[in-house]
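Residue numbers (our numbering): 3 to 525.
Ideal placement from N, C-alpha and C gives every residue a C-beta, glycine not left out.
Heads up, the thing below is written out as structure tokens.
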Ligand SMILES: Cc1cc2nc3c(=O)[nH]c(=O)nc-3n(C[C@H](O)[C@H](O)[C@H](O)COP(=O)(O)OP(=O)(O)OC[C@H]3O[C@@H](n4cnc5c(N)ncnc54)[C@H](O)[C@@H]3O)c2cc1C
Ligand SMILES: NC(=O)c1ccc[n+]([C@@H]2O[C@H](COP(=O)([O-])OP(=O)(O)OC[C@H]3O[C@@H](n4cnc5c(N)ncnc54)[C@H](OP(=O)(O)O)[C@@H]3O)[C@@H](O)[C@H]2O)c1
């Protein structure tokens, strides 16, 4: 870019200019160098299941640090990008992209990128790290098991043998479309919220079923299409928080990952300054705290309600009306629980949008012992490592609710935890201690309404990372590598020395059951 263009950009978009500089620095400092074409990558070799942003980012970290991998994706080449390859063109990030840096080399052009930009960043990453030759499309993983030498097989031995597995199948599979009684009588159109491209809503009465993030997106879509009026039917309480990076980061930094005696402060501030006159749309005090469920991040919903273009209706759907004109709905007041008494009415509609979510992809292909009670997902070590198999990392697909972000630095951190465990037997946690850590977390969060691992914050995640490194002195040498992706030379050389000592003492043995020898892994 010529100097004149740079100056012009600086003066016309000073904030975006600074954002570009920050991203450039993060890229230069934290991105692993892509391997040259045909580079010989070493073991451990990692199988990665899913080619969404988690799988692609994890793969680029593996090859960037010199380790081989293979991605297995159920869909065709068009599925590269995972859920973002399937949603509406108008879909985009609600949180600021500074919290959606799924790889250090990502370069966002704006604060709130749309689906096209997200898919193109995933695709560029995939290209940059030469992952095309390492991706098997149209390969749904149905079985993951070990050969007699303890190496992982994905579906069948023809796919090769792996030392570790990263499961990156996400939480949004096929659209969930429940059948509502009387639906067949409806005279208008019914769509799922992910199928709105090209749909016209001008002058129409719209009903959106569901009170989650997709409902908010659907409401924005039809408002933009100049619908006459939209009713959003929400049967459960959910918090809406502003689209403000500072507020969102501050909320995500609660290191306890649950309600505390101070939670009334953010809740009160949100009611006072964000909900304001629409106070009764917030979850009633002393019922659902902000640190119990994933909030929606949005600024427009409340404004659309204030303008009269939309109504946010709390209550339960009874059925579609026999007349075909709309939905019979039991509207509840604030504080009345689901299914409780209310005021029944007919809501007329030309279009009904099912913003009822997505099926959760199944982890059933993993060995049965990963699901032993009470250590079933999300109750795994750091939420992602099943205690029976520390060589499996199920990233971004075991969580239930959180205040945080799915597409951020933790993808690289978890990948490097796995690499550390595979390369360094002394840093590897044993099943006993993994279970103790899970038990400890469950005990600490025993008062959390949904359970210890069903809700967490990004602050808590950072605490898990730091704690589990600090607790084991053999992991200290890896701290910079695991947390920032830099400085692998020192721990690698220490591990090689330790290997040599072990070999000299005749201790070249399986340090951790089921894992191959360290000397073999670091070859
Ligand atoms: C409209 C929309 C907006 C969103 N906005 C945000 C947001 O603002 N902030 C945020 O943090 N999150 C958001 N999310 C959540 C989103 O799911 C994550 O941000 C992220 O894209 C998940 O990426 P992933 O790679 O983990 O999973 P996915 O993108 O779901 O990719 C998983 C991949 O695994 C493949 N797969 C599944 N099962 C198998 C199998 N058995 N074998 C092989 N392959 C398999 C799938 O085909 C898919 O390609 C949004 C979701 C939606 C639907
Ligand atoms: N840009 C964004 O930030 C964005 C946009 C879209 C999606 N997402 C993410 O994608 C994931 C899925 O979000 P989502 O909104 O699609 O799904 P969701 O969070 O599962 O919400 C689905 C909503 O539909 C309701 N519902 C389901 N079945 C129903 C039925 N039979 N009758 C009435 N209501 C019903 C649910 O109510 P109950 O809660 O009572 O079950 C819930 O309110 C989330 O992780 C979300 O954060 C993010």
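query: First and last residue of the uninterrupted beta strand (DSSP E) at residue 459; result: 457-459
query: Nearest candidate by alpha-carbon position, reference residue 89, set 404, 183, 174; result: 174
query: Buried or exposed by the 16-neighbour rule on C-beta atoms within 10 Å, applied to residue 14; result: exposed
query: Any 3 or more C-beta pairs closer than 8 Å across the stretch 268-286 and the stretch 369-387; result: no
query: Range of the contiguous beta strand (DSSP E) that encloses residue 375; result: Where residue 375 is concerned, there is no enclosing beta strand (DSSP E), given that its DSSP letter is neither H nor E.
query: At least 3 beta-carbon pairs within less than 8 Å: the stretch 357-372 vs the stretch 164-178; result: yes
query: Pair within 8 Å by beta-carbon distance, residue 199 and residue 360; result: no
query: Nearest-angstrom Cα separation, counted from residue 434 out to residue 512; result: Unreliable placement is indicated for residue 512, whose pLDDT of 41 sits below 50; the coordinate value is still reported in the next sentence. In a straight line, the C-alpha of residue 512 is about 17 Å away from that of residue 434.
query: Cβ-based burial, residue 324 [other Cβ within 10 Å; buried from 16]; result: exposed
query: Cβ-Cβ separation, residue 248 to residue 303 (assumed contact under 8 Å), whole Å; result: Actually they do not touch by this definition, with Cβ atoms about 20 Å apart.
query: Collapsed DSSP secondary structure at residue 275 in the structure displayed; result: helix
query: Closer than 7 Å: residue 360 CB and nearest ligand 2 heavy atom; result: yes
query: Beta-carbon contacts of residue 522 that lie in its chain and below 6 Å, excluding the five residues immediately before and after; result: Interpretation of residue 522 is limited by its pLDDT of 41, a score under 50 that renders its predicted location unreliable; no figure is taken from the coordinates.
query: Residue span of the alpha helix (DSSP H) that contains residue 383, given as start and end; result: First-last for residue 383: undefined, no H or E at that position.
query: Those runs of the alpha helix (DSSP H) which lie wholly inside the stretch 254-340 and span at least 4 residues; result: 266-271, 302-309
query: Three-way DSSP call (helix, strand, coil) for residue 71 in this model; result: strand
query: Nearest-angstrom Cα separation, counted from residue 166 out to residue 389; result: 14 Å
query: Counted within 10 angstroms of its Cβ, other Cβ atoms place residue 348 as buried (16 or more) or exposed; result: exposed
query: Residue 416 Cβ short of 7 Å to ligand 1 heavy atom set; result: no
query: Uninterrupted alpha helix (DSSP H) stretches inside the stretch 88-155 (no shorter than 4 residues); result: 117-130
query: Distance between beta carbons of residue 46 and residue 131, contact taken as under 8 Å; result: Residue 131 to residue 46, Cβ: 17 Å. No contact.
query: Unbroken alpha helix (DSSP H) run spanning residue 23, endpoints; result: 16-32
query: Extent of the continuous alpha helix (DSSP H) to which residue 56 belongs; result: 55-66
query: Buried versus exposed, by CB contacts within 10 Å (16 or more), residue 492; result: exposed
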